[in-house]
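*Asks:*
Residue numbers (the numbering used here), protein chains in the order written: chain A, 13 to 665; chain B, 13 to 665.
As structure tokens, this is what we get:
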């Protein structure tokens, strides 16, 4: 892409001098504007055919379809060996082939849109091609091996989440990865210093405590092996084994407690804070650079769009765009925008009322959300004018709009919460649920009869939607449940669960009544998209680790149902786990035997190391080996911290 | 204090019109400048006697003495019942009386310095008076009770740490407390929402899992009591009981794992982030307000100092201060400043060389640390000129200054680290220690013979000081140890411990060789003062909790030495603890039986709940930024860059 942003692309100068703009010109300008609007950085071919293909390429249906197929591809792990729901090999293979076909089609489409030399220079396209080829190769090899009944590994599954990063729409994700990669060198210095600090402290611990003949709780020698000390002190940084690791030394002398407290102060608090500060600063620095580049590209796109539609008046002077052309362009970019909204934007641009503008800011203007508030009369007003203007009806209106109505329903919700907490086997309680349902339905109907329905269910009335959906679902589920109970005489556990969840969710509505709470919730909803990008990032990393973990550790640890009488149940089916606290604490289900349990296990490992979200995924691989070690090393002293407070509380009663 | 910062205090206008300034004028101006320099906000009486008393009040010896007595007062808890080192009641009482006397004396001194009505309006003075009275009252009551052999509680000990906050020098601490207090209302809303979220999730957990008949590891019913669920889920926010709390449900169905993961996502990650953000923002807001006020007061003080010394030239015009007066003032404020440094400051102020200035920025200029590098010849050069200029000596100089010399010693340190890690009972290893000591001594001597000693031991050469002190201490300790060993035939454990610590500390020196590491360490040293303020804050809170805990829980849990054969040992001397995991995990020493064990216990509790403290750490870092900001605000445009760059240079180079 050219560095000089005002340079016009070749071949457009000619067209822009003509007064009458063709349909293709508008297509081209619309592409530039919508690229700028959605921060797309794609260098499209300017031929009319490519432009039309590009408009199709950006159609939302195709994008959604692509993500659906990526999701299907990722979800295949549920059905492949080791499976949650086993399917025959040919079925998963067929679905995967279909996915590969879709991805290839999408890539071919993309190749037709941008110039050939640009396509082959872009690493993300090369990446997708390599992924597709390797996957195909792996499928053939695996199929052949299985056909001849030999052992095979589906290694190409590790590559699947990389598609999420490399598709054209994964811009945000690529940006996040790039920022992380750029920040790594700076982070590594702090990390090295942190490791150095642990090593020095471990050496000191070895020299101070190794020769005292101290014993741990299970009678083994305490702090005599350097590498064991390093491991214990590393775990102490996460505070997972505090205070267990310190107790033998503390029992011998309280000076050792000072050593451990100093260690935690330096490593857990000071180092982790510095670490976080460095990560945050560097990430911010590189993200800022990314955004700066984004803005440059955006400007460039707008200048190009402008150069396509510009007109030079007969007296010479600055080139401008007139109102008719502008309207046509905006209609093409956002067909569903109302006329009033479009005219509002024009008046913002043409604030001197000259009938013509220079529009570098249009893309940002289009992104501004304009809430159109139409004060429409209530339909009842036109249907039953006499009834609607009667005194009782007006009184009802005033009642529903009154603050006391909100407070009344908050109280009802609180009473409901108490009833939910009580035992539902009591018939009185279960009948009361019907009463609450009726009360909630009444509330919605009352509100609907007072407020204009289209305003009530507008796109921004999150809580109205929430309320109505929850109440109606609860009504349906309760009716189904009663029907099943009265006909068959038994209750379905699943439907009951759904009813319980819906009942409890209804209580959340209270939050909306308190202004401060509403502000906090709205803020959370606002940062949703950022969390979504982060979620994808986590998904990519978890998926890769889960696949690798499954291939390495599958069936090493087995889970037996509670009613199983298998003798192997007491040691999770692995003789190495006999007598370990891993087996004793009933952790058998924490294994890599399926994609679901792998994900849950990885989340558990992340949670224990909560001290740094940003670092968690760097250390996850290490955690896998830590997990492997846990299978062999007896007596892990983790996860016991809080017992001690509980005991303290019971003892002081 | 007046809001109009340019208003002159009454009674000074007269004096400032005289051309010859008296000694008292300089005293007064010096007070204003040094008050501004150290951000003191004290409204001093302007009478010459009060000014002289105030100069004495701010003398560093008196301040150090005050803090020593506060420390003694706080440390009394070590000797009072329940004591670590028991002392008779009369001894601690006498020391406490002495402390009270010192505090009273200091307060009286303060009362003489500031106007009477200001003294009685200031809540911190009232606070100190009340603390002193209550302490005296409590001592009398307790003494009387003890004399008549009755039970008494020394309740006034809780008030002791409040002295730290209320003494004149506790400005930073008061500022921190005030910011926290002001931020509390905003924080409480997020906290309430957080509590609400836990209650709702607990209700859902009760309804979903309460009726499934699940059992925990020890066979008790799982998730059947609402309040137990709330407690378990609260603990889960700190991730301390993850994944134990989830295992019974997860073993029954993996859908429940999703419930727990969602809970952790919402409460541990999202809510804690929002909580942090709100705390951080509010703390920042209020701290900014505090700093703004500080800057206003600072300006006011400087204007007053100026008005004392200003001269109006005969032609009228702006009042100024001439060079002689300025020099005399600076000499009085900072007697140890070198002439060159003072002249440098003057030339910065009087950049147009007019011989007279208006000096609102002096206070900030005085705070700038100017490192004076004097290139003095080495003393050897003057003592033995012939030897020092000889070829082998010059070669040695080049060798020692070479990069390879540093690398050589880094390698020696690493080899030393390996030797330390090996078993010191091996005679070869223990003799090698002598070799390393000699090598380190040789390094210091070589460096001393090449670099100028006063530059080598300058105030900013942290690592040279560190090195020399460690090596000399290690030498002395090793010699003492050998003497003891060869004479008595036994080794003293304490001396060996000290030797080990010194040996390991020596290894830290490696950090200095790598530039990036040095930068990180220097940054940590720079934020030291901020951490110190925070440390005092923690101390105040811990002390109060420790004293209350000791009175409530002392001797409830007893610790028995490992070789004790007391039957009560297995349950920490408390029958209620029989068979609990508290006793089983050997936590008996985690008790409130003395101030030391109370502090260690409180630290342990803090570490497990580390999330609640992380916000406080963040705010500490913020103070460092504010410190920079504070320097920026008062400076006029011309000096702003100068100050900022200078500060940046000293802070982050």
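All residues carry an ideal CB built from backbone N, CA and C; glycine is no exception.
1. How should residue 35 of chain A be labelled, buried or exposed, when 16 other C-beta atoms within 10 angstroms of its C-beta is the threshold for buried?
2. Please classify residue 108 of chain A: is it buried, with 16 or more other beta-carbons within 10 angstroms of its beta-carbon, or exposed?
3. Using only the heavy atoms of the ligand FMN, determine whether one of them is closer than 7 Å to the beta carbon of residue 217 of chain A.
4. Is there at least one Cβ from chain A nearer than 8 Å to residue 103 of chain B's Cβ?
5. Against chain B, with Cβ distances strictly below 8 Å, would residue 259 of chain A count as a contact?
6. Between A:286, A:504, A:490, which has its C-alpha nearest residue 534 of chain B's C-alpha?
7. From what residue to what residue does the alpha helix (DSSP H) around residue 506 of chain B run?
8. By DSSP, does residue 108 of chain A sit in helix, in strand, or in coil?
9. Can you find a C-beta in chain B that's less than 8 Å from the C-beta of residue 525 of chain A?
10. Exposed or buried, residue 432 of chain A, counting other C-beta atoms within 10 Å across all chains shown (16 or more means buried)?
11. Short of 8 Å in beta carbon distance, which residues of its chain neighbour residue 429 of chain B, apart from the five on each side in sequence? Order them along the chain.
12. Verify the CB distance criterion: does residue 219 of chain A have a CB-CB separation below 8 Å to chain B?
13. Distance, Cα to Cα, residue 515 of chain A vs residue 264 of chain B?
14. Could you check whether the Cβ of residue 528 of chain A sits closer than 8 Å to any Cβ belonging to chain B?
15. Does the beta carbon of residue 251 of chain B sit closer than 8 Å to a beta carbon anywhere in chain A?
16. Please confirm if residue 238 of chain B has its CB atom under 8 Å from at least one CB of chain A.
17. Taking the CB atoms as reference points, tell me whether residue 554 of chain B and residue 614 of chain B lie closer together than 8 Å.
18. Mark residue 337 of chain A as exposed unless 16 or more other C-beta atoms lie within 10 angstroms of its C-beta, in which case mark it buried.
19. Could you confirm whether any beta carbon from chain B is found closer than 8 Å to the beta carbon of residue 541 of chain A?
20. Please confirm whether residue 345 of chain A has its beta-carbon closer than 8 Å to some beta-carbon of chain B.
21. Report the option in B:473, B:493, B:465 whose CA atom is closest to the CA atom of residue 445 of chain B.
22. Which residues in the same chain as residue 18 of chain B place their Cβ atom closer than 8 Å to its Cβ, once the five residues preceding and following it in sequence are excluded?
23. Against residue 164 of chain B, what residues of chain A qualify as contacts under a CB-to-CB distance less than 8 Å, listed in chain order?
24. Could you tell me how far apart the beta carbons of residue 99 of chain B and residue 158 of chain B are, in whole angstroms, since I believe they sit closer than 8 Å?
25. Can you pull the chain C neighbours of residue 599 of chain A, defined as C-beta to C-beta under 8 Å?
26. Could you confirm whether any beta carbon from chain B is found closer than 8 Å to the beta carbon of residue 216 of chain A?
27. Note down, in chain order, each residue of its chain lying with its Cβ closer than 6 Å to the Cβ of residue 294 of chain A, except the 5 sequence neighbours on either side.
28. When the cut-off is 8 Å and only beta carbons count, does residue 400 of chain B lie next to chain A?
29. Name, please, each residue of chain A whose Cβ falls closer than 7 Å to the Cβ of residue 276 of chain B.
30. Using a Cβ-Cβ cut-off of less than 8 Å, give me the residues of the region 453–467 of chain A that come near chain B, in sequence order.
31. In the DSSP assignment, find the unbroken alpha helix (DSSP H) run with residue 405 of chain B in it and report its ends.
32. Can you list the alpha helix (DSSP H) stretches of 4 or more residues lying completely in the region 260–290 of chain A, in chain order?
33. DSSP three-state label for residue 634 of chain B, please.
34. State the DSSP-derived secondary structure class of residue 332 of chain A, mapped to helix, strand or coil.
35. Round the Cβ separation of residue 41 of chain A and residue 341 of chain A to the nearest angstrom and send it over; I've been treating them as touching at under 8 Å.
36. Please report the distance separating the alpha-carbon of residue 478 of chain A from that of residue 547 of chain A.
*Replies:* So, from the data block:
1. The residue is exposed, with fewer than 16 neighbouring Cβ atoms inside 10 Å.
2. buried
3. Ligands in the displayed structure: none, and consequently the ligand FMN is not present.
4. no
5. yes
6. A:286
7. 505–519
8. The answer is helix: DSSP assigns residue 108 of chain A an H, G or I state.
9. no
10. buried
11. Hits under 8 Å: 519.
12. Residue-level contact check: residue 219 of chain A touches chain B, since one or more beta carbons of chain B fall below 8 Å from its beta carbon.
13. 23 Å
14. yes
15. yes
16. yes
17. yes
18. By the Cβ neighbour-count rule, residue 337 of chain A is buried, with 16 or more other Cβ atoms within 10 Å of its own.
19. no
20. no
21. B:493
22. For residue 18 of chain B, the pLDDT reaches just 41, beneath the cut-off of 50, and the residue's location in the model is therefore unreliable, although a value from the coordinates is still provided. Within the same chain, residue 18 of chain B has close Cβ partners 315.
23. What residue 164 of chain B touches in chain A: nothing, since even the nearest Cβ is about 22 Å away.
24. About 14 Å separates the beta carbon of residue 99 of chain B from that of residue 158 of chain B, a gap too long to meet the 8 Å contact definition.
25. Here chain C cannot be found, since the structure's protein chains are A and B.
26. yes
27. 195, 198
28. Taking a beta-carbon distance threshold of 8 Å, residue 400 of chain B does not count as an interface residue toward chain A.
29. 619
30. Hits within the stretch: zero.
31. 403–413
32. Secondary structure in the region 260–290 of chain A: the alpha helix (DSSP H) runs of 4 residues or longer, each lying completely within the stretch, are 266–275 in chain order.
33. Residue placement at residue 634 of chain B is flagged as unreliable, the pLDDT there being 40, under the threshold of 50; the coordinate-derived value follows with that caveat. Helix, per DSSP.
34. In the three-state scheme derived from DSSP, where H, G and I count as helix and E and B as strand, residue 332 of chain A is classed as strand.
35. 5 Å
36. 24 Å
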